[in-house]
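Residue numbers (our numbering), protein chains in the order written: chain A, 1 to 503; chain B, 504 to 1047.
By construction, the Cβ of each residue, glycine as well, lies at the ideal position given by its N, Cα and C atoms.
The block underneath contains the structure these notes are about, expressed in structure tokens.
In structure tokens:
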């Protein structure tokens, strides 16, 4: 058993080294070959993550690795439990899909005069960087390494917003940067205070040391708010729509599907791993209320957008709100329900696939017909059937229509609400579904319309890119058709209460 | 047939439509699809016949895996619905003479068909939910065939109702499973567990609300007249005949029949009879035959709800089969009447009697015209209403139906004939004749098969008289009203739709408010302040 653990333990290091070496290799080979290198690295990353998930699945326990053989108080531990494994798998697949989708948008210029190839190089570089940073977020176990990981995520995310270099996107990137900075500072403040109080940064050690009291709650509040800003939780969401709507489609997909989930994952780590025994019911209700604000506010604003990419961006705000319902549903009534965490994480996974598919589909639409005005999408289904099919499936998952991944997530959250008797969150979940139905059908209905002259195609659509978009949507559907395995995986290797509560 | 084969029947029923759907990924198959639509539901007809007398046939692989079963109530609705889907599919070309059927239309037709047949077979909540979604959402595409502002609005209303109903049902199902975590996913076991649970009132309320929306119980009926008026005739036929029965089978499967449901029963009886008469009253003021038929559906679904309510009050398990029997007749009949509207549009004036006579037989049959199929259906459901005021109301509703149906016939006779007849009209005529025959004769056979009544009773003079006079009275009133013609078009289609206007106003106010809030939060001072405020609020809340 020890041997098999260390085997997959080494894989954890690979999961970090691979994307980083991808970045270095891309630097060496330059823009001309950055694409090939990155795609190979992303493919290898899928294999490595597959090995890690397989290890967790086989042993039923977390996989861990102590860097340099030093155990936590002195050294750094990498650890992958079910949550990390699942998120890493989603990251690997979505980033690979983005990599496969992206090439036509970031082609290396062929002409001799125009040697400017910033976009064609930087995108691939940032893609590897995002994967490296995300993997570190999922694997690191101490607050400082996590801080570094968070910064890396932001450093990879901000330039992605500004890839096109236009004034609007620069402004959006700057706003994002400032929010990310304030968030980092809040988080760092909390981490430093915790170190000052307890002399360690390791999460599992801290979990045994922290005691409830105003100081701990203040620390936790700072860290949570900082992370919430990076996740664009209402009312700190205002940087997200221009940033995600302005980026190139492949980048938008990464930002919306993955990058915002990194900071959410840390909030989960804090609340479920650092202070699991000390539930703060009212504080979790506050988090839930922010989530509720996001769902309602994001939904209503998505209904009022005139452009497709902005609609999708506002829908991201609403969908991120569901993630934070996991907190009141898990801790709200003093009883911990394990379904809430699973539901929240399931939502994160399903949303990642669906939203990535949706942003990429929007990208294809915009390229094919030259605009993304919702009012002029009538009859689109006839000229871009596969893209519209993918968009439709992704939309059904976001609405939460069975049998999609989004439905399973909502079902788990609703179940937790019913068990803990918090009916108000159940009402909100259902209401959010109606809003999502409203804004999604705003796009789907005209696309399906008959007897409308469809928009003229100004550019052909690549079959391969359509297939990538459809594959992502089908992944969101598959999560709903086969929910057992991911649900089980999420619960594996969890240290405390979750396993006690499950039958 | 051996039991082995019979066990597979629930799956065999769906095998053709599902494989057609999967195969339609290929363009070549999609091109053939319009021609084979009528073939796809036939295995379901076979399965229904096999399942009618074989007792519940269950198929499942593993615990917590999809489960399908056929029981008598399911078999009745499955067989008739499949027949209607097939005939409607066969007649489709007659309705779209100028342009060939789009393959997308056909794919959504198949999707809706799978859902419509699947709800009668699903034995676990997730299969049921998926089929329920399929019978609700894809139908949108079938309804919105005409590109007009009005049709789009109707489509939106239809989708809104479908989504809201879906959400309510999901909540109800979540409550069902959490209240009885050990019961698994089987509908029958969950319902049995629920009836023992004292805290089940909310669950039942949600179930009645959700399925009531699909059945168009008043006041949740608004979508139905709008939808059937806007949809093409064959679509309206399958929706009003087959698809609405998804709500009915939901009520039959999910409500506990063992007792303790007196209050809910009374509520259903009340709501049901209100709907039964409301449909008639509003229906008589309509001039479009399709709208009249839609209001007749509202009325009939109300009658069925009242029937179920009576069964719940008296905890009569047998009422489930009776209701399914009555509804199965309605499946064929409503489909047939919509076909009549289609035929009337392409039949020359001098041959109109050929349409009107059978249509009259069907329509007045619904009211219980002696010796028709409808007469048998009414006969089978007589017992639950007892002898008191419910029986009086039931008789009055028969008179109401006769009134509405006579009004329908009058309007049908005045229908405009389109100048160019469809080249494929013969397909419609064949389907129509088959449906009329099925409507008139199938109930007789099924009545004996299921043992719901005896032929001796059907030929009893007293019974015939009791069933005849409401038809005569209702018909006479309708003729009298038609002579005056003052009522026509006094109530708009979708009657109480206006009540929703404040909601749309509220929505736009909320939307503008949200936009203003977004702008406010976007200001830097406000953004920075919200960081600090949130920290303070979180800390205070945690220390609480």
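Min CB distance residue i to chain A below 8 Å
i                       : result
residue 1047 of chain B : yes
residue 629 of chain B  : yes
residue 692 of chain B  : no
residue 666 of chain B  : yes
residue 1025 of chain B : yes
residue 530 of chain B  : no
Given residue i as reference, the closest of the options once Cα atoms are compared
i                       : options                       : result
residue 1040 of chain B : A:283, A:149, A:48 and A:491  : A:283
residue 22 of chain A   : A:455, A:12, A:250 and A:44   : A:44
residue 821 of chain B  : B:574, B:531, B:551 and B:532 : B:574
residue 946 of chain B  : B:757, B:875 and B:517        : B:875
residue 1051 of chain B : B:900, B:784 and B:768        : No answer is possible for residue 1051 of chain B: the residues shown for chain B start at 504 and end at 1047.
residue 341 of chain A  : A:352, A:353, A:327 and A:315 : A:327
residue 460 of chain A  : A:104, A:34 and A:76          : A:104
residue 586 of chain B  : B:977, B:602 and B:540        : B:540
residue 756 of chain B  : B:765, B:790 and B:692        : B:692
residue 635 of chain B  : B:783, B:718, B:832 and B:706 : B:718
residue 94 of chain A   : A:296, A:251 and A:290        : A:251
residue 513 of chain B  : B:774, B:578 and B:1019       : B:578
residue 60 of chain A   : A:41, A:85 and A:71           : A:85
residue 557 of chain B  : B:510, B:657, B:706 and B:775 : B:510
residue 231 of chain A  : A:377, A:289, A:154 and A:38  : A:154
residue 240 of chain A  : A:311, A:70, A:223 and A:287  : A:311
Span of the alpha helix (DSSP H) around residue i
i                       : result
residue 802 of chain B  : 792 to 816
residue 369 of chain A  : 338 to 369
residue 1032 of chain B : 1027 to 1046
residue 644 of chain B  : 642 to 646
residue 895 of chain B  : 892 to 916
residue 135 of chain A  : 118 to 139
residue 1056 of chain B : Outside the shown range of chain B, which is 504 to 1047, sits residue 1056 of chain B, and nothing can be said about it.
residue 650 of chain B  : That residue, residue 650 of chain B, is in no alpha helix (DSSP H); it is neither H nor E in DSSP.
CB contact flag (residue i, residue j, <8 Å)
i                      : j                      : result
residue 873 of chain B : residue 970 of chain B : yes
residue 644 of chain B : residue 527 of chain B : no
residue 144 of chain A : residue 197 of chain A : no
residue 469 of chain A : residue 390 of chain A : yes
residue 354 of chain A : residue 172 of chain A : no
residue 736 of chain B : residue 814 of chain B : no
residue 546 of chain B : residue 518 of chain B : yes
residue 414 of chain A : residue 677 of chain B : yes
residue 400 of chain A : residue 392 of chain A : no
residue 227 of chain A : residue 204 of chain A : no
residue 339 of chain A : residue 291 of chain A : no
Closer than 8 Å to chain B by CB, residue i
i                      : result
residue 486 of chain A : no
residue 482 of chain A : no
residue 306 of chain A : no
residue 498 of chain A : A caution first: residue 498 of chain A carries a pLDDT of 41, below 50, which makes its placement in the model unreliable, though a value can still be read off. With 8 Å as the cut-off, residue 498 of chain A does not count as an interface residue toward chain B.
residue 264 of chain A : no
residue 238 of chain A : yes
residue 312 of chain A : no
residue 403 of chain A : yes
Partners in chain B for residue i, counting only beta-carbon separations shorter than 7 Å
i                      : result
residue 477 of chain A : Those within 7 Å of residue 477 of chain A in chain B number zero; the least Cβ separation is about 12 Å.
residue 224 of chain A : 1041
Proximal residues of chain B, C-beta to C-beta of residue i below 8 Å
i                      : result
residue 285 of chain A : 1044
residue 229 of chain A : 1034
Residues that residue i contacts on chain B, provided the C-beta gap is smaller than 9 Å
i                      : result
residue 450 of chain A : 605, 607, 608, 644, 647, 648, 649 and 650
residue 361 of chain A : Chain B residues near residue 361 of chain A: none, gap ~18 Å exceeds 9 Å.
Chain A residues whose Cβ lies nearer than 9 Å to that of residue i
i                       : result
residue 761 of chain B  : Ordered by position in chain A, no residue passes the 9 Å Cβ test against residue 761 of chain B, which lies about 23 Å from the chain.
residue 1018 of chain B : 300, 301 and 304
Cβ-heavy atom distance, residue i to the ligand MN, below 7 Å
i                      : result
residue 578 of chain B : Here there are no bound small molecules, and the ligand MN is not part of this structure.
First through last residue of the beta strand (DSSP E) which encompasses residue i
i                      : result
residue 976 of chain B : That residue, residue 976 of chain B, is in no beta strand (DSSP E); its alpha helix (DSSP H) goes 964 to 987.
residue 507 of chain A : A question about residue 507 of chain A goes unanswered here, because the residues of chain A that appear run from 1 up to 503.
residue 64 of chain A  : 63 to 66
Chain-ordered chain A contacts of residue i [CB-CB under 8 Å]
i                      : result
residue 633 of chain B : 402 and 403
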